[in-house]
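In my numbering, the protein residues as written are 111 to 310.
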């Protein structure tokens, strides 16, 4: 039996900011399940029941630890700011269609198309939410955000964050799922999580 959402049995993993729970907790849970299955497996290829595991003195609680670091083998080059520092990546093509007022120079994004390979999608609604938020944030970063004057630009009103009517109504998201053995999806994080899978 998988015990879910019980803060008594799982250590503090922090919030699910930036989808790290998908990558970190998901891999930790996967490894816990693999450890449990390995312990349950008999030499003939069948699996032990809970009672058989107890009778044989085998543990019935297994942990999965998954750790990612900033890949020490590929540090950021301090002179060029280039490198391969993360443990996970996604691959995306962004296609904004913009209108430019030739008199004022003002730019407005009218349509945004995104084609992405993010690995295995476990929860499409969360992935879409991340993309919608990231796209709008990227538009703001490119066109309106300005955080230079600490005496002026320290409020949401003054630093150029987009308003809802500044975002395009026409956003298309297209996801390609490439299933590979080592697929790790979404965003990297530097964190160590311990999740326990229990059979009761």
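Glycine included, every Cβ here is placed at the ideal spot set by N, Cα and C.
For this session: May I ask you to report which of helix, strand or coil DSSP gives residue 277?
Result: coil
Exercise. By the 10 Å Cβ neighbour count, where 16 or more other Cβ atoms means buried, how is residue 232 classified, buried or exposed?
Worked result: exposed
Exercise. With a cut-off of 8 Å, does the C-beta of residue 238 fall near any C-beta of chain D?
Worked result: Looking at the structure shown, chain D is missing, and only one protein chain is on hand.
Exercise. Mind checking residue 343: buried by the 16 CB within 10 Å criterion, or exposed?
Worked result: Because the chain is modelled from 111 through 310, residue 343 falls outside the range shown and cannot be assessed.
For this session: Quick one: residues in its chain with C-beta nearer than 6 Å to the C-beta of residue 217, no 5 flanking neighbours on either side, listed in chain order?
Result: 208, 210 and 253
Exercise. By the 10 Å Cβ neighbour count, where 16 or more other Cβ atoms means buried, how is residue 182 classified, buried or exposed?
Worked result: Confidence at residue 182 is low in this model, with a pLDDT of 48, below 50, so its placement is unreliable and no value can be given for it.
Problem set entry | Close Cβ partners of residue 269 (< 7 Å) along its chain, the five nearest in sequence each way excluded | 255, 256, 257 and 263
Exercise. Buried or exposed: residue 237, going by 16 or more other Cβ atoms within 10 Å of its Cβ?
Worked result: buried
Exercise. How long is the line joining the alpha carbons of residue 285 and residue 168, rounded to whole angstroms?
Worked result: 43 Å
Problem set entry | Distance between residue 240 and residue 171 (C-alpha atoms, nearest Å) | 34 Å
Problem set entry | Rounded separation between residue 164 and residue 229 - CA only | 38 Å
For this session: With a threshold of 16 other CB atoms inside 10 Å of the CB of residue 146, please say whether the residue is buried or exposed.
Result: buried
Exercise. Any idea if residue 177 is buried or exposed, counting beta-carbon neighbours within 10 angstroms, 16 or more meaning buried?
Worked result: exposed
For this session: State yes or no: is the C-beta of residue 202 within less than 8 Å of the C-beta of residue 225?
Result: yes
Problem set entry | Status (buried if at least 16 other CB within 10 Å, exposed otherwise) for residue 135 | buried
Exercise. Which residue spans inside the stretch 238-275 form an unbroken beta strand (DSSP E) run of at least 3?
Worked result: none
Exercise. So what's residue 148 in DSSP terms, helix, strand or just coil?
Worked result: helix
Exercise. Does DSSP put residue 283 in a helix, a strand or coil?
Worked result: strand
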